[in-house]
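Participant: Here it is, the structure, as structure tokens.
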Amino acid sequence: MKKVLVVDDSETIRLEVSRTLGQAGFSVLEARDGAEGLATAIKNPNIALLVLDVNMPVMNGLEMLERLRQNPTTADIPVLLMTTEAEDRLIERAKKAGAKGWFIKPVKPEMLLMATNKLAR
Amino acid sequence: MFVERSETTRAIQALAGDACIELMQAYGVELRPAVGWAESDEIMFSGVMGFVGDSVRGTCLLAAPQGTVEAAAPQGAAARDWVGELANQLVGRLKAKLMARGATIALSTPVVLRGVKLSPLPRTDVAPVIFESTTGKVLVWLEVEIENDFQLGEQRALKASEGELLVF
Numbered sequence: 338m339k340k341v342l343v344v345d346d347s348e349t350i351r352l353e354v355s356r357t358l359g360q361a362g363f364s365v366l367e368a369r370d371g372a373e374g375l376a377t378a379i380k381n382p383n384i385a386l387l388v389l390d391v392n393m394p395v396m397n398g399l400e401m402l403e404r405l406r407q408n409p410t411t412a413d414i415p416v417l418l419m420t421t422e423a424e425d426r427l428i429e430r431a432k433k434a435g436a437k438g439w440f441i442k443p444v445k446p447e448m449l450l451m452a453t454n455k456l457a458r
Numbered sequence: 208m209f210v211e212r213s214e215t216t217r218a219i220q221a222l223a224g225d226a227c228i229e230l231m232q233a234y235g236v237e238l239r240p241a242v243g244w245a246e247s248d249e250i251m252f253s254g255v256m257g258f259v260g261d262s263v264r265g266t267c268l269l270a271a272p273q274g275t276v277e278a279a280a281p282q283g284a285a286a287r288d289w290v291g292e293l294a295n296q297l298v299g300r301l302k303a304k305l306m307a308r309g310a311t312i313a314l315s316t317p318v319v320l321r322g323v324k325l326s327p328l329p330r331t332d333v334a335p336v337i338f339e340s341t342t343g344k345v346l347v348w349l350e351v352e353i354e355n356d357f358q359l360g361e362q363r364a365l366k367a368s369e370g371e372l373l374v375f
């Protein structure tokens with residue numbers, strides 16, 4: 338079973354992602370901020386896809402993405418950003434850090450599943 | 208220097224109002240413009256976001272009764288968590304509308320408050336944005352300071368908008 342890690346400070350967004358991907362046969366791990374997400378990713382380097390919010394407390398999603406890439410254990414995990422942000426500068430920063438995609442909320446469940454099937458390794 | 212300017216604040220409030228209508232519609236709640244926000248003993252759920260940029264800075268509060276928050280929420284959501292996420296998405300939409308007109312802002316993370324008798328500071332020049340729905344009223348309360356020389360520009364297209372996926 339492929340593992341997906343969802344990192345978002347909204348419990349509801351984590352619930353929605355878990356429900357959508359869980360029903361499609363993915364095993365879903367959850368984290369509430371970038372620091373917790375980074376620790377979870379290091380413990381689970383076989384993650385097939387990381388679904389990552391940008392604006393979060395403690396550590397934001399872009400910082401988490403850049404730290405993932407610096408760690409050989411987690412450097413290759415595919416990352417999909419899922420955020421309210423549409424700022425070009427932030428999108429370019431994610432692209433430069435090797436993100437695979439950028440979703441602007443709200444995200445319909447069928448779109449999330451389509452993107453997960455396309456981007457998960 | 209940042210100052211309160213009624214005309215530009217009214218324009219930004221209108222953008223926030225449009226953003227709120229679009230956001231709630233995306234979650235299945237139709238809003239109609241309303242007038243008057245009466246203090247009530249009903250518990251209101253509020254999400255508050257700060258934002259700051261070179262030209263514009265301020266605070267945005269989104270408030271609604273529990274029934275309205277739940278009407279817009281995915282199944283199983285807690286109203287307290289969801290109103291924070293709604294405020295986050297509202298200000299994300301406002302940010303996109305401001306960027307399209309030449310102002311870039313950075314966003315804080317949302318905080319949530321519950322309370323009764325919630326009432327914006329009375330102002331005669333810039334009224335808060337109030338909507339009604341079948342489940343209750345929705346308040347968008349914006350306090351904005353604007354750089355003295357800044358004017359909102361003509362709208363330009365952005366690379367992506369809400370609901371879109373960019374694949375790299």
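Those sequence lines, one after another, are chains A and B.
Just so we're aligned, residue 338 is where the first sequence starts under our numbering, counting upward by one.
Just so we're aligned, residue 208 is where the second sequence starts under our numbering, counting upward by one.
Glycine included, each C-beta is placed from N, C-alpha and C at the ideal position.
Where does glutamate 246 (chain B) fall in DSSP's three states?
Facilitator: coil
Participant: Below 7 Å, is the gap between the Cβ of valine 333 (chain B) and the nearest heavy atom of the ligand FAD?
Facilitator: No copy of the ligand FAD appears in this structure; indeed no ligand is present at all.
Participant: Would you give the residue range spanned by the beta strand (DSSP E) that glutamate 354 (chain B) belongs to?
Facilitator: 343-354
Participant: So, are the CB atoms of proline 415 (chain A) and leucine 386 (chain A) less than 8 Å apart?
Facilitator: yes
Participant: DSSP three-state label for methionine 338 (chain A), please.
Facilitator: coil
Participant: Could you tell me whether any Cβ in chain A is nearer than 8 Å to the Cβ of lysine 377 (chain B)?
Facilitator: Because chain B in this structure spans residues 208 to 375, residue 377 (chain B) falls outside the shown range and cannot be described.
Participant: Is the CB of valine 345 (chain B) under 8 Å away from at least one CB in chain A?
Facilitator: No - not a single Cβ of chain A is within 8 Å of the one on valine 345 (chain B).
Participant: If we call anything under 8 Å between Cβ atoms a contact, is arginine 238 (chain B) one with valine 345 (chain B)?
Facilitator: It should be pointed out that residue 238 (chain B) corresponds to leucine in this sequence rather than to arginine. Yes, the pair counts as a contact, with Cβ atoms nearer than the cut-off.
Participant: Tell me which residues of the region 390-413 of chain A have at least one Cβ-Cβ distance to chain B shorter than 8 Å, keeping chain order.
Facilitator: Asn392, Met393 and Pro394
Participant: Check the Cβ of tryptophan 289 (chain B) against every Cβ in chain A and list those closer than 9 Å, keeping chain order.
Facilitator: Ser347, Glu348 and Thr349
Participant: Contact between the region 267-275 of chain B and the region 338-349 of chain A is defined here as three or more beta-carbon pairs at a separation below 8 Å; is this criterion met?
Facilitator: no
Participant: Here's a check: name, in chain order, each residue in its chain whose Cβ is nearer than 8 Å to the Cβ of threonine 390 (chain A), leaving out the five neighbours to either side.
Facilitator: The residue asked about is misnamed: residue 390 (chain A) is aspartate in this sequence, not threonine. So the qualifying residues of the chain are Val344, Asp345, Asp346, Ser347, Ile350, Gly398, Leu418, Met419 and Thr420.
Participant: Expressed to the nearest angstrom, what Euclidean distance is found between the alpha-carbon atoms of serine 213 (chain B) and glycine 438 (chain A)?
Facilitator: 40 Å
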